[in-house]
Each structure stands twice: as C-alpha cells, then as structure tokens.
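Beneath this line is the structure, given in structure tokens, with notes to follow.
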Amino acid sequence: MSVPPEVTSTILKIILMPVAIVALFWTIRVLYFRFHKTREQKGDTSTSLSPTLQWMNTAGSILLAWNKNNFRYMGGIFYPGAERDENLVANIKKMLWNYWGIQGHDSALEKMTSLIHTGMRRQYDWEMRQLEMMYAGYSERQLIEVAKQENPKASEDSFLPKMLVAYRRYGQDALLGWDVGRAAYNCQNCYFAGYLSMEEVLEIGVEGAKKAQAVFQNWEEMMESYLLGFQYWKREDAGDPDSVTAKRWELYEKLWRGEKPYEKIPYVTIAFDTPLSKKVITDQYGIMPAYQHYD
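The sequence shown: position 119 = 286 (the numbering used here), numbered continuously.
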C-alpha cells in the first residue's frame, strides 16, 4: 500500500522541523557574536598616534576623559590647526600656570621630570611611615574600625585602610600610576603650549612608562594607582558617593567598559607592556606618516 504524497510531505516536515530550528538557532548565534564581540575581539584600535603617544594618552586617560578630550589626538587636543585656536592655547597656558606654576621651558621640564623621579610619592611615603608606626600590626579590618571612629560608614575604601593597605603592597610606588599618569598628560599640554619639545615629551613619557611597567602588571593596576593618588591628594573616602574620588572611579569604570563615547579606546588601543621608543617618528602633531593627509 503506497503512502499518499501529502502524508509523505507532512512526515518530512515533521522530521526536518527540528533540523531547521537548530540551524536557525546557530545562525542567530553566529550573527549575534559577530556583531557583539568584545572590544578586544574586534581589534578596533585604529589611531594615528605613535605607540609611545598612545601609551601616554592611556596613562593619562582619566584626566583626558575628565576634560572631554579626544583620545585620537596628542594630549587629547593637538590636531592640525589647533595651535591657531587662541582661546584653547590661552586656556592650556592658564591651567599650567594655575595648577603647576609652569610658565616656560625650564619650569615645565623641572615640574614634569620631578613627577617621574619623585612626584607625590615622597610625601606619601613619609606620611605612611608615620601611620605605620601608629598602626603597626593592624589588619585591614582593624584599620576600618579605626576609621569608623570618625565615620560610622567607613569601609575598605576609606582613607586610612585604603592608603595603608596599598603602601604595604607597593611601598611609595603605590602612587606611581598617579605621578606617571599626570606627567604623561601634562607634558603633552606643555608641548602644545610651546614649552617642551617633542624629544623632551618622549623622554619624559618613556622614562615614566618604564618605571610603571616595572611595578605594575597591567593597565588595571596602574589606573587603580592613579585613582589612589587622586584620593590621597583629595583626602577623601572613595566610598562616599558624593566625593570627587567616587566620580573619578565612575568615569574610569565607563572607560574600562567602553561605554559611549569611549567604545574604542583607551585600554585596548595599546598593550600595557608595549616597548616604547624616544625616537621621533611622527609629525609635529604626533601623527604617523601613513595618516598625514591634511585637507
């Protein structure tokens, strides 16, 4: 007895239905992951800057982002023609004078070099030595309890436990990321203002990078050091949501997650341990030859 064609067709549909569903599932899965790769998988790291300048922008990423600068430019601001923006140049010079006492080549070189050699680490080292004498043998939990005597909401992010625990791990280099990050960002501002040469910027940047690479394992450790230094400077509890330190942490987390407008950079642009060079291989804007097409 033969099977009617319509029955055969129905049976085939029943048999093939699961196969079609599975095929559709895998097609959707492939498409999803193609368009939702992590930033590292996408490899979207295009930038016209040299590796050394990329590294320096990343080291100063929190400052650069806080000032709403563009990671694709040297120091976040130096694009072709920017030097003719009188207001921008004046504001950079004003900032360097107000915050750093810099008003020319000698003061710029002295201030930026001192950040690499000693920075705020010297003051931090002296203060932590005093605290260690007071709280020798105290665990992190005990340090939190001490902090709670002044602030009942104190936690591991409060000033005393945060600073001492970091000091016990890194010594004065706990603030190295803070000093190197500020030098990397601000020496480029000094260049933009006409106070430092490109050779001097690279000298400072590479020396700072080598120190950081010898102490930290990755960008995460270095940026946490930067934020620790900011907290030390502000004398705040990072756990206080109203503190400027907490706001800087929030910005850093956005940078790390690649949230708008930071989808592509900074931390996947260049590896932390990249060997850097003091050799000038760009034009005056920090742009590599392959990208030097100005209209």
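Just so you know, even glycine gets a beta-carbon here, dropped at the ideal spot from N, CA and C.
For this session: Measure the C-alpha to C-alpha separation of Arg415 and Gln355 and round it to an integer number of angstroms.
Result: Walking along the sequence shown from the start, residue 415 turns up at place 248. Walking along the sequence shown from the start, residue 355 turns up at place 188. Near 21 Å, if we compare the C-alpha coordinates of Gln355 and Arg415.
Exercise. Tell me the DSSP bridge mates of Met241?
Worked result: The residue labelled residue 241 in the question sits at position 74 within the sequence shown. Per DSSP, Phe245.
For this session: Using only alpha-carbon positions, find the residue among Leu255, Ala341 and Ala351 that is nearest to Gly375.
Result: Counted from its first residue, the sequence shown places residue 375 at position 208. Cα-wise, what sits closest to Gly375 is Ala351.
For this session: Taking Tyr419 as the reference, give the member of Ser217, Leu231 and Asp409 with the closest Cα.
Result: Translated into positions along the sequence shown, residue 419 becomes position 252. Of the listed residues, the one whose Cα sits closest to Tyr419 is Leu231.
For this session: Starting from the C-beta of Ala275, find all residues in its chain whose C-beta is less than 6 Å away, skip the five residues before and the five after it, and write them out in chain order.
Result: For the purposes of this step, residue 275 is taken as the residue at position 108 of the sequence shown. Correct list, in chain order: Ile269, Cys357, Tyr362 and Leu363.
Exercise. Does DSSP classify Ile454 as helix, strand or coil?
Worked result: In the sequence shown, residue 454 corresponds to position 287, counting from 1. In the structure shown, Ile454 sits in a strand (DSSP, three-state: E or B).
Problem set entry | Gly304, buried or exposed, once every other Cβ within 10 Å from all chains shown has been counted against 16 | Along the sequence shown, one-based indexing puts residue 304 at 137. Exposed is the call here.
Exercise. Can Ile311 and Glu323 be called in contact, C-beta distance under 8 Å?
Worked result: The residue given as residue 311 occupies position 144 in the sequence shown. The residue given as residue 323 occupies position 156 in the sequence shown. For Ile311 and Glu323, yes; Cβs fall inside 8 Å.
For this session: Tell me, please, whether the stretch 338-347 touches the stretch 372-386 by the rule of three or more beta-carbon pairs shorter than 8 Å.
Result: yes
For this session: Determine the direct distance from the alpha carbon of Val373 to that of Ala438, and round the result to whole angstroms.
Result: Stepping through the sequence shown from its first residue, residue 438 is reached at position 271. Stepping through the sequence shown from its first residue, residue 373 is reached at position 206. Approximately 14 Å, taken between the alpha carbons.
Problem set entry | In chain order, each alpha helix (DSSP H) run of at least 4 residues that lies wholly inside the stretch 254-326 | 272-284, 288-301 and 307-315
For this session: Name the two residues that bound the continuous alpha helix (DSSP H) containing Val382.
Result: Position 215 of the sequence shown, counting from 1, holds the residue named residue 382. Note, Val382: alpha helix (DSSP H), Met365 to Val382.
Exercise. Measuring CA to CA, which of Ile229, Gln309 and Glu403 is closest to Lys421?
Worked result: Position 254 of the sequence shown, counted from the start, is the residue given in the question as residue 421. If we check each option's Cα against that of Lys421, Ile229 comes out closest.
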